[in-house]
Amino acid sequence: MRILVVHGQQLEHYPPVRNLIDVLTRNGHLVTLITKCNDKPAVPFQKRLRVIRLPDNDNQRSIANAAAYFRKRDMMRTLVKREMTKHDILWTTTDSTVRDLGNTVLGYRHVMQLMELIEDMPAFPGLNRPGLGIKKYAQRAHRVVVPEYNRAHIQKAWWELKELPYVLPNKMSSVNLPEPPEEIRHVLDSLDAETRKIILYQGSFKGDRDLDVFAQATELLNDRYVLYIMGSDTEERRSLCARHPDINYIPFIAPPHHLHITRRAHIGLLPYVPEKVGFNSILNALYCAPNKIFEFSGFGVPMIGNDVPGLTIPFEQHNIGRVRRRGDANEICTLIEEIESSYEQMSRNCRHYFAGIDLDKTVNEILI
């Protein structure tokens with residue numbers, strides 16, 4: 093089958109999209125990917141992947157950049173119309189991509205994948221009004237795809253869908269990693285030389301992450317544990333490290349090479365706090381669907397997260413992590429001790445949980 097995957101954002105910041113490309117190509121599909129990217133993604137079946145690069149200049153913070161956004165949008169629509177004359181399915185990966193393509197998606201067999209939980213979004217970037225009315229695209233899509241079960245039911249209710257969206261977890265496609273690039277080897281050497289056990293957070297530093305209390309807990313245990321955080325540098329990150337100078341910061345590393353850091357963790361952090369960020373629903377963090385739960389579990393790394401359904405349910409059902417309920421540093425220290433008391437079993441549980449998710453089966457069901 094020939095599949096046109098359109099991802100209007102920077103590919104390097106969306107590991108689930110790369111995972112999707114891996115799954116599609118290894119299952120024999122021919123994929124054309126329209127996206128912003130620095131390099132062609134390294135996938136096992138390169139001959140089945142063709143990449144069309146979009147310009148990366150739509151900041152939307154000035155008249156010039158707004159004009160660049162509309163040029164990119166028009167380019168995307170033209171490309172899709174041209175490419176869909178020789179493809180069977182149009183697969184969009186984000187709500188913003190659907191907005192960019194607009195009514196163009198309605199003419200094709202469209203798989204509408206969502207990374208976040210949203211009810212609606214602005215019709216134009218940077219503006220609050222008017223709303224896009226995105227549900228009309230979902231109602232006419234061949235398939236709607238979300239990364240978590242509760243989100244499927246919420247989107248179905250919000251958008252009055254006839255069918256429940258398919259659940260495609262944000263699982264990485266393989267734990268087999270390519271050789272790390274030379275520019276990150278000094279980071280890996282530093283981690284390998286670390287004598288304390290590494291507690292690791294990888295991700296954004298927005299308001300729906302609660303890292304201060306984890307830093308406080310690590311400070312109480314700093315003779316045995318050390319906190320590393322990794323992600324794009326922001327004012328929030330700098331402020332966090334100023335408050336907690338014992339934190340070790342690792343700049344953003346593009347997927348899949350960031351997993352070389354993940355596999356060296358002893359305990360992984362998933363500090364999701366229900367808070368409204370952008371146009372995402374406040375339920376987005378409550379029913380979180382982090383790719384990190386699979387990245388950590390794939391390498392047998394037990395986790396600590398906040399008490400939200402998206403974490404509590406898999407943690408407790410599969411015994412792969414612990415959730416904090418009181419919110420203080422002493423509780424986190426206790427949770428770390430609980431994990432240590434059954435670490436080997438929890439590590440095995442993590443790997444079993446990871447192995448139990450069959451991405452290939454789900455993707456092929458979506459394509460039927």
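Numbering (our numbering), first residue to last: 93 to 460.
C-beta atoms are modelled at their ideal positions from N, C-alpha and C, and glycine is treated no differently.
Given the structure is predicted, the values throughout are model-derived calculations rather than measurements.
- prompt: Going by the beta-carbon positions, is the gap between W183 and V97 smaller than 8 Å?
  reply: In the sequence shown, the residue the question calls residue 183 occupies position 91. In the sequence shown, the residue the question calls residue 97 occupies position 5. Yes.
- prompt: Leaving out the 5 sequence neighbours to the left and right, which residues in its chain are closer than 8 Å to K289 when beta-carbon positions are compared?
  reply: Here residue 289 is taken as the residue at index 197 of the sequence shown, counted from 1. Around K289: R316, Y317, V318, H358 and I359.
task: Kindly confirm or deny that the stretch 125-134 and the stretch 94-114 touch, where touching means at least three C-beta pairs closer than 8 Å.
output: yes
R235 at chain D interface by Cβ criterion, 8 Å: In the displayed structure, chain D is absent; only one protein chain is listed.
G392 classed as buried or exposed, judged by whether at least 16 other C-beta atoms fall within 10 angstroms: Counting from one through the sequence shown, the residue named residue 392 turns up at place 300. Looking at its Cβ environment, which holds 16 or more other Cβ atoms inside 10 Å, G392 is buried.
query: What is the rounded straight-line gap between the Cα of A158 and the Cα of S434?
result: Numbered from its first residue, the sequence shown carries residue 158 at position 66. Numbered from its first residue, the sequence shown carries residue 434 at position 342. Using only the alpha carbons, I get a separation of about 54 Å.
- request: Report yes or no: do three or more beta-carbon pairs, one from the stretch 274-282 and one from the stretch 246-264, lie closer than 8 Å?
  value: no
- request: Take L292 and list the residues in its own chain whose beta-carbon comes closer than 6 Å to its own, dropping the five residues that flank it on each side.
  value: For this step, residue 292 is matched to residue 200 along the sequence shown. Around L292: Y320, A357 and G360.
- request: Please name the residue, chosen from H410, L378, I424 and L451, that lies closest to R243 on a Cα-to-Cα basis.
  value: Here residue 243 refers to the residue found at position 151 when the sequence shown is read from its first residue. Comparing Cα positions, the closest option is L378.
field: Candidates L253, H121 and F371: closest to P222 by CA position
entry: Sequence index remark: in the sequence shown, residue 222 carries index 130 (1-based). Measuring from the Cα of P222, the nearest candidate turns out to be F371.
query: What alpha helix (DSSP H) runs, 4 residues minimum, are completely inside the stretch 382-451?
result: 384-390, 401-410, 421-433 and 435-447
query: On the three-state DSSP scale, how would you describe N119?
result: As a first step, residue 119 is located in the sequence shown; it is residue number 27 there, counting from the start. Residue state, collapsed to three classes: coil.
message: Within 10 Å of its beta-carbon, does T185 have 16 or more other beta-carbons around it, so buried, or fewer, so exposed?
response: On the sequence shown, residue 185 is found 93 positions in, with the first residue counted as 1. Buried is the call here.
query: Considering H278, what are the terminal residues of the beta strand (DSSP E) in which it resides?
result: Counted from its first residue, the sequence shown places residue 278 at position 186. Counting along the chain, H278 falls outside any beta strand (DSSP E), though it belongs to the alpha helix (DSSP H) covering R277 to A285.
- request: Going by CA-CA distance only, name the one from A334, K248, R335 and Y241 that's closest to C380.
  value: Translated into positions along the sequence shown, residue 380 becomes position 288. Nearest of A334, K248, R335 and Y241 to C380, Cα basis: Y241.
message: Taking only three categories from DSSP, how would you classify Q152?
response: Here residue 152 corresponds to residue number 60 of the sequence shown, with the count starting at 1. Unreliable positioning characterises Q152 in this predicted model, as indicated by a pLDDT of 46, which lies under 50. The coordinate reading is nonetheless provided below. If DSSP states are grouped into helix, strand and coil, Q152 belongs with coil.
- prompt: Nearest CA to the CA of D450: which residue from K263, V400, I405 and P348?
  reply: Locating residue 450 in the sequence shown gives position 358, where the first residue counts as 1. Checked all of K263, V400, I405 and P348; the closest Cα to D450 is K263.
query: In this structure, does DSSP put K107 in helix, strand or coil?
result: Here residue 107 is taken as the residue at index 15 of the sequence shown, counted from 1. Here residue 107 is Pro; the residue named in the question, Lys, does not match the sequence. If DSSP states are grouped into helix, strand and coil, P107 belongs with the helices.
field: In chain order, each alpha helix (DSSP H) run of at least 4 residues that lies wholly inside the stretch 190-238
entry: 227-231
task: Could you tell me the boundaries of the alpha helix (DSSP H) in which K248 lies?
output: As a first step, residue 248 must be located in the sequence shown, where it is residue number 156. Where K248 is concerned, the enclosing alpha helix (DSSP H) stretches over Y241 to W251.
message: Helix, strand or coil, according to DSSP, for Y161 in the structure here?
response: As a position in the sequence shown, residue 161 is number 69, starting the count at 1. It is helical.
message: If I follow the unbroken beta strand (DSSP E) through T184, where does it start and stop?
response: Residue numbering aside, residue 184 sits at position 92 when the sequence shown is read from its first letter. That run of the beta strand (DSSP E) goes I181 to T184.
- request: Check whether the stretch 107-121 touches the stretch 439-459, counting contact only when three or more Cβ pairs, one atom from each stretch, lie closer than 8 Å.
  value: yes
message: Quick check on DSSP: helix, strand or coil for M80?
response: Only positions 93 to 460 of the chain appear in this structure, which leaves residue 80 out of reach.
- request: Quick one: give me the first and last residue of the alpha helix (DSSP H) that H352 is part of.
  value: Position 260 of the sequence shown holds residue 352. Segment L351 to T354, the alpha helix (DSSP H) holding H352.
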